[in-house]
Amino acid sequence: MLRDIAIDAGVPIVCYWLSMAFISHSEVVALIVASVFPLLKSLYELLQRRRLDPISMAILLGLMVGLGALFIGGSTQLLLLRESLFTGGFGLACLASLLFRSRRPLMFFFARFSAAGSDPALCAWYDQLWENAGFRRMQRIITLVWGLVLVGEFTLRVVLIYTVSPATVLVVSPTVMGVASLLTIIWTMKYGARAGKALARSH
Numbered sequence: 002m003l004r005d006i007a008i009d010a011g012v013p014i015v016c017y018w019l020s021m022a023f024i025s026h027s028e029v030v031a032l033i034v035a036s037v038f039p040l041l042k043s044l045y046e047l048l049q050r051r052r053l054d055p056i057s058m059a060i061l062l063g064l065m066v067g068l069g070a071l072f073i074g075g076s077t078q079l080l081l082l083r084e085s086l087f088t089g090g091f092g093l094a095c096l097a098s099l100l101f102r103s104r105r106p107l108m109f110f111f112a113r114f115s116a117a118g119s120d121p122a123l124c125a126w127y128d129q130l131w132e133n134a135g136f137r138r139m140q141r142i143i144t145l146v147w148g149l150v151l152v153g154e155f156t157l158r159v160v161l162i163y164t165v166s167p168a169t170v171l172v173v174s175p176t177v178m179g180v181a182s183l184l185t186i187i188w189t190m191k192y193g194a195r196a197g198k199a200l201a202r203s204h
């Protein structure tokens, strides 16, 4: 994942500077050129999975939002915001899913896929865990943290777009997103393991 962070931050900025030097001095053109790599990377990851699951759906929706912003947009700000449009929306969806106490929060479905995959028996077992109050609380806390992290990243990107140069945004934003995702994944694994042990002891 650290390698991916370096690639996601490094390749677009190289494409940006090459475009500014050899293609056009227009920042909009340079940002479009810099957008090609993230879009191709998302498409490759989607094709590599070869099945429709929650993670593939997230990649597909992110790809569609990115392409939509690329073709509709023309402003520097919108092109810079492209990558965070989906993550910000996904973060808001996580927070919104917590408003419905009788329904499962959004991150439950990603956790179920990670734990059970497409196995019907394992999925049924995971669904039964929802009957446990401690398990419901754990899933809601995980969804809350992910929602806040993703909305926070989106907010930070907006601030960066209007305060620093486009080149700086291309470097800083993917790095912040990558590090934030990595730390949140580590926290999720540790918290999930600790909460799982507490649930096991209670039974």
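As numbered in our numbering, residues 2 to 204 make up the sequence shown, in order.
Glycine included, each C-beta is placed from N, C-alpha and C at the ideal position.
Linking residue 13 to residue 186 through their CA atoms gives a straight-line distance of about 24 Å.
Per DSSP, the unbroken alpha helix (DSSP H) holding residue 121 starts and ends at 121-129.
Annotated as distal: residue 43 and residue 34, with beta-carbon spacing of 8 Å or more.
For residue 164, no alpha helix (DSSP H) segment is defined, and its DSSP state is neither H nor E. For residue 108, the number of other beta carbons within 10 angstroms of its own is at least 16, and it is reported as buried.
No residue range can be given for residue 100, since it is assigned to no alpha helix (DSSP H) and is classified by DSSP as neither H nor E. Its chain contains 148, 151 and 152 as the residues whose beta carbon lies nearer than 6 Å to that of residue 92, once the 5 sequence neighbours on both sides are disregarded; these appear in chain order. Taking C-beta separations shorter than 6 Å and ignoring five residues to either side along the sequence, residue 41 has no partners in its chain.
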